[in-house]
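**Student:** Per our numbering, the sequence shown starts with residue 680, numbered consecutively. Cβ atoms here follow ideal geometry from the backbone N, Cα and C, with glycine treated the same way. Sharing a structure below in structure tokens format, with a few things to ask.
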Amino acid sequence: MRSAAVVNEEIRDLWQRSGGCLSPDDEQEYQRLLVEWAAVTGGSARSAA
């Protein structure tokens, strides 16, 4: 399992590459990354802010 920092960096990169507007494919990737990040952090979404 990857660390939360690695997954978070990938999420940030996705948003930067998309220019802040996710395509349908990007949205699917974003959702997958969020699930992975939540699993790594124990589901605490507030830690990402």
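How is Ser702 classed by DSSP in three states: helix, strand or coil?
**Tutor:** Against the sequence shown, residue 702 aligns to sequence position 23. The answer is coil: DSSP assigns Ser702 none of H, G, I, E or B.
**Student:** Flag this pair as touching only if the region 709 to 720 and the region 687 to 695 have three or more C-beta atom pairs under 8 Å; answer yes or no.
**Tutor:** Contact holds: three or more Cβ-Cβ distances are below 8 Å.
**Student:** Considering only residues of the same chain and omitting the five flanking positions on each side of Ser682, which have a CB-CB separation below 7 Å?
**Tutor:** Along the sequence shown, read from residue 1 onward, the residue named residue 682 stands at position 3. Here the set comprises Val719.
**Student:** So Asp704 and Leu693 are in contact, right, with Cβ under 8 Å, and what is the actual spacing, rounded?
**Tutor:** Against the sequence shown, residue 704 aligns to sequence position 25. Against the sequence shown, residue 693 aligns to sequence position 14. Actually they do not touch by this definition, with Cβ atoms about 10 Å apart.
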